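These notes concern the structure reproduced below.
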DNA sequence: GGCATATAGGATAAAAAGGTCTTACAATCT
DNA sequence: AGATTGTAAGACCTTTTTATCCTATATGCC
Ligand code: FES
Ligand code: FES
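Protein chains in written order, with this note's numbering: chain A, 1 to 159; chain B, 1001 to 1159.
This is how it looks when you write it as structure tokens:
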């Protein structure tokens, strides 16, 4: 276990979003899909469909409610739902922001305190380009669009 | 502290690479620069110049040595150095691979087991594009190029 | 009203990443 | 040869992230 390489490679997959954020995106897409069918979805169903731990998913959903991405209904027949208009409005960027904040846009690729073009790290130019593309993509992608792909059966929320 | 948003936003900056990988890139660039001047750089100097914890940096350097990115010289006047030819050859992708593995190329943006175009997650198309751009960038960027920017004083390894 | 079924929210636990320390060993210089 | 300066490697500690548990509270239905 002293091999750092093996340690890294097989334990954590380093990508853009935190685990919570990944769950949040998947959950939002699912809730959106259900909402289009006028259905309120409860926590258990979301966790099941999204393949996420129930209790952790609860935390994430709370956060999404606080950030006005979905709303919650208490009591039996309750759960989470999205306003139909919101489904078109909400984009990926909003969801990511609700959970991970805007660090992904501000952060330096080499881990310097913050990205600062006036004192750039060696990869700044190249990195900033990718990061801006990512930001643009997140802002341009609506939840509606993603839910549609799911509805049609072209995409999957878990495997 | 129950506010997940605050927790996420102000604690961890989620980006592409692990901390160790960030240090590795910075260290490699610095060693490359010193090597161009025919200088062997010792661990302490690297850590200082790169702004990384000494002991942790030692681990990272070991990994870089194992992966043939730099070589080490023991004893007094020892340290780490790069073959001059290697400086042009080695690209960012190699360094990232040495520390984080290839997860960044294989991973799914929504955290599914692995990215699989035959059973894509809802963001697959858009995400894969960004990820491929990143890969291309990493493969096209040589350490030489980055070291040069540093030498000229245009870029910084720490602030 | 009372009961069943939801979410809300705080406290807590487990796992992973990040970081340190200590001992061993290698090379160079007197 | 011995002292000194350096890397190698494993054990260990700390912090952050991920995940769970438990109690309180809200809502719908009988
Ligand atoms: S300063 Fe590093 S990415 Fe901008
Ligand atoms: S399947 Fe999710 S990114 Fe390819």
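Positions of the beta carbon are idealized from the N, C-alpha and C atoms, including for glycine.
A quick note: this is a predicted structure, and the numbers were derived from the prediction, not measured.
Whose Cβ in chain A lies nearer than 8 Å to the Cβ of residue i?
{"i": "residue 1126(B)", "result": "137, 141"}
{"i": "residue 1123(B)", "result": "25, 92, 141, 146"}
{"i": "residue 1150(B)", "result": "122"}
I'd like to confirm something about residue i: is its beta-carbon nearer than 7 Å to some heavy atom of ligand 1, or not?
{"i": "residue 133(A)", "result": "no"}
{"i": "residue 98(A)", "result": "no"}
{"i": "residue 1163(B)", "result": "This structure does not reach residue 1163(B), given that chain B is present from 1001 up to 1159, and the question cannot be answered."}
Leaving out five residues on either side along the sequence, give the residues of the same chain with a beta carbon under 8 Å from the beta carbon of residue i.
{"i": "residue 1077(B)", "result": "1040"}
{"i": "residue 16(A)", "result": "104, 134"}
{"i": "residue 18(A)", "result": "99, 100"}
{"i": "residue 1114(B)", "result": "1106, 1107, 1108"}
{"i": "residue 84(A)", "result": "35, 36"}
{"i": "residue 117(A)", "result": "124, 128"}
{"i": "residue 1057(B)", "result": "1023, 1027, 1043, 1046, 1047, 1050"}
What does the Cβ neighbour count give for residue i, buried or exposed, with the cut at 16 atoms within 10 Å?
{"i": "residue 74(A)", "result": "exposed"}
{"i": "residue 82(A)", "result": "buried"}
{"i": "residue 136(A)", "result": "exposed"}
{"i": "residue 1129(B)", "result": "exposed"}
{"i": "residue 1153(B)", "result": "exposed"}
{"i": "residue 1044(B)", "result": "exposed"}
{"i": "residue 1052(B)", "result": "buried"}
Measuring only from the beta carbon, is residue i closer than 7 Å to any heavy atom that is part of ligand 2?
{"i": "residue 1115(B)", "result": "yes"}
{"i": "residue 1128(B)", "result": "yes"}
{"i": "residue 51(A)", "result": "no"}
{"i": "residue 1078(B)", "result": "no"}
Run down chain A in chain order and give the residues with a C-beta less than 7 Å from the C-beta of residue i.
{"i": "residue 1113(B)", "result": "159"}
In chain B, what lies closer than 9 Å to residue i by C-beta?
{"i": "residue 53(A)", "result": "Ordered by position in chain B, no residue passes the 9 Å Cβ test against residue 53(A), which lies about 12 Å from the chain."}
{"i": "residue 109(A)", "result": "1015, 1016, 1017, 1022, 1025"}
{"i": "residue 119(A)", "result": "1155, 1156, 1159"}
{"i": "residue 75(A)", "result": "What residue 75(A) touches in chain B: nothing, since even the nearest Cβ is about 23 Å away."}
Taking 7 Å as the limit between beta carbons, can you name the residues of its chain near residue i, skipping five residues before and five after?
{"i": "residue 1095(B)", "result": "1024, 1025, 1028, 1069"}
Under 7 Å Cβ-Cβ, which residues of chain B neighbour residue i?
{"i": "residue 134(A)", "result": "1130"}
{"i": "residue 69(A)", "result": "By Cβ distance, chain B contributes nothing, its closest Cβ being about 12 Å from residue 69(A), past 7 Å."}
{"i": "residue 87(A)", "result": "Neighbours of residue 87(A) on chain B: none; closest Cβ ~14 Å, over 7 Å."}
Anything in chain B within Cβ reach of residue i, meaning under 8 Å, just list it in chain order.
{"i": "residue 46(A)", "result": "The contacting residues do not exist; residue 46(A) stays about 14 Å from chain B at best."}
### Query
Within the chosen definition, does the region 59-70 of chain A reach the region 22-36 of chain A through at least 3 CB pairs nearer than 8 Å?
yes
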